[in-house]
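Taking it in order: structure first as structure tokens, then the write-up.
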Amino acid sequence: MKAVVIEQFGGPEVLQYKEVPTPKPGHQEVLIKVEKTSVNYADIKKRTGKKAKGNFPIILGLDLVGTIDQLGEGVTDLTVGQRVIAFPKTGSYAEYAVASEQLTFPIPDEISLDVAAASPIVAFLSYKLIKDVGRIEAGETVLVHSAAGGVGTTAVQMAKLLGASHVFGTVGSREKFRVAYEAGADHVFTYDDFSDNILELTDGIGVDIILDSMSGKVSEASMSCLKEYGRLVHFGNSSGEVGNFKTNELHNSCRSVLGFSLGNTRKKRPQLLKEAAEHVIPFLSRGDLDIVIGAEFPLHEVAEAHRLIEQRQHTGKILLTI
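Letter 108 of the sequence shown, counting from 1, is numbered 112 in the numbering used here, and no numbers are missing.
This is the structure:
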């Protein structure tokens, strides 16, 4: 099969489009013919060696849409020819990928190919962050950092679907305001002034839930606009910086700092994603979630897709057609 592999860590130039052996499904696994996949920031970190061991060759890619081509031994709830989204174990920058039965989810025809390709990471992650980790209650307020990106635009919508009364967003530049507003954010700010603006708009009270994928100074500034009994959910460090919290920022105000990793959950507690799928897939089927797609590339041009993300000029999800 054709796939994009890396045999060393480095820049986009290490991505090689070449012929490799087709993987075979093991016990309770399926082989999927991949139609489309997406590029995630975690792929960049893995390519550069910031989030991977050097067990080369490596095929990148965290999610996909395709059809089941072959069933491994012990698979009971899936069938050949079924249309699915999945989180594969062998990488998705390829014509075929292997995924666990637990991480493969049938989807109806109502979900378009592009939406199906763009949605697994962003939709499942947004649901888990807001519903299960953030424990949202109807009428609460939410702040979404990086609100113009793939996760951000989806999380803004998900927060509204799950009962948020107001959603605030932050972005890196004023040029990205439009994207966050179109996703449904009520107010959007840059990282430079979000905390003061939110306090002014909330009469000094702050917000109930903050979704933080930035870390560093953004995380620290977030604490000043987190409401009493509020929850800051930390799920990434795209700034590359380390943020520091003080214990006296938490216990007196009954605020919480919570961590979540979708990648670690897929590896260690995949069963937790079944409940998310039962809600996310109907949202997608009904069109309740408008997954923002910023650009699309053929698989052999994946290096250009990586460059676009690294330059931080993109909005929404970046797709690859296999």
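Built from N, CA and C at the ideal position, the CB exists for glycine as well. From a predicted model like this one, the values you see are computed outputs, not experimental measurements.
Pair within 8 Å by beta-carbon distance, residue i and residue j
{"i": "E33", "j": "E141", "result": "no"}
{"i": "G95", "j": "I63", "result": "yes"}
{"i": "Y100", "j": "I36", "result": "yes"}
{"i": "I213", "j": "R235", "result": "yes"}
{"i": "V84", "j": "P27", "result": "no"}
{"i": "Y97", "j": "A184", "result": "no"}
{"i": "F60", "j": "L165", "result": "no"}
{"i": "G320", "j": "G154", "result": "yes"}
{"i": "L262", "j": "R270", "result": "no"}
{"i": "F181", "j": "V192", "result": "yes"}
{"i": "L324", "j": "V18", "result": "no"}
{"i": "Q74", "j": "P110", "result": "no"}
{"i": "I322", "j": "A299", "result": "yes"}
{"i": "V336", "j": "V284", "result": "This structure does not reach residue 336, given that the chain is present from 5 up to 326, and the question cannot be answered."}
Burial state of residue i (16 or more Cβ within 10 Å)
{"i": "T251", "result": "exposed"}
{"i": "S130", "result": "buried"}
{"i": "E306", "result": "Checking the sequence, you will find Val at residue 306 rather than Glu. Under this definition V306 is a buried residue."}
{"i": "H310", "result": "buried"}
{"i": "H31", "result": "exposed"}
{"i": "D67", "result": "buried"}
{"i": "C258", "result": "exposed"}
{"i": "T108", "result": "buried"}
{"i": "S123", "result": "buried"}
{"i": "H318", "result": "buried"}
{"i": "P302", "result": "exposed"}
{"i": "P3", "result": "No answer is possible for residue 3: the residues shown for the chain start at 5 and end at 326."}
{"i": "N256", "result": "exposed"}
{"i": "S3", "result": "Summary: the structure shown does not reach residue 3, with the chain confined to residues 5 through 326, and so no result is reported for it."}
{"i": "G65", "result": "buried"}
Per DSSP, cross-strand counterpart(s) of residue i
{"i": "P302", "result": "T325"}
{"i": "Q315", "result": "The partner list for Q315 (beta bridge, DSSP) is empty, contrary to what the question assumes."}
{"i": "D216", "result": "H238"}
{"i": "K37", "result": "T71 and Y100"}
{"i": "H310", "result": "Beta-bridge pairing links H310 to no other residue."}
{"i": "E23", "result": "K6"}
{"i": "S42", "result": "L323"}
{"i": "G263", "result": "H238"}
{"i": "H191", "result": "F172"}
{"i": "F351", "result": "The chain is shown only over 5 to 326; residue 351 falls outside these bounds and no answer can be derived."}
{"i": "G153", "result": "G320"}
{"i": "I62", "result": "I10"}
{"i": "I297", "result": "K321"}
{"i": "V148", "result": "G173 and L215"}
{"i": "L230", "result": "V211"}
Spatial neighbours of residue i in its chain, beta-carbon cut-off 6 Å, leaving aside the 5 residues before and after
{"i": "V148", "result": "G156, A159, V160, G173 and L215"}
{"i": "S396", "result": "A query on residue 396 cannot be resolved here, the shown segment of the chain reaching from 5 to 326 and no further."}
{"i": "G143", "result": "S169"}
{"i": "Y21", "result": "V8 and H304"}
{"i": "P112", "result": "S289"}
{"i": "V146", "result": "A163, A168, V171 and I213"}
{"i": "A189", "result": "A151, V160, V171 and G173"}
{"i": "S260", "result": "R235"}
Sequence-distant residues of the same chain with beta carbon closer than 7 Å to residue i, five excluded per side
{"i": "V69", "result": "E39, K40, I89, L117, A120 and A121"}
{"i": "A280", "result": "F128, Y131 and K132"}
{"i": "L231", "result": "Contrary to the premise, residue 231 reads as Lys rather than Leu in this sequence. Around K231: I209, G210, V211 and D212."}
{"i": "S217", "result": "H149, S150, V155, F239, G240 and S242"}
{"i": "E245", "result": "S219, G220 and K221"}
{"i": "D328", "result": "Because the chain here runs from 5 to 326, residue 328 falls outside it and cannot be looked at."}
{"i": "K93", "result": "V102, A103 and S104"}
{"i": "I297", "result": "D118, A122, G320, K321 and L323"}
Short CB-CB distance (under 8 Å) between residue i and chain D
{"i": "T251", "result": "Judged by its chain identifiers, the structure shown contains no chain D, having just a single protein chain."}
Neighbourhood of residue i by C-beta distance below 8 Å, restricted to the same chain and skipping five residues each side
{"i": "T52", "result": "F13, G14 and G15"}
{"i": "S265", "result": "F239"}
message: For the pair the segment 242–251 and the segment 215–229, tell me if three or more CB-CB distances fall below 8 Å.
response: With a cut-off of 8 Å, the segment 215–229 and the segment 242–251 count as touching, because enough Cβ pairs lie within range.
query: Hey, is the segment 110–129 in contact with the segment 48–61, meaning 3+ C-beta pairs nearer than 8 Å?
result: They do not touch, by the three-pair rule.
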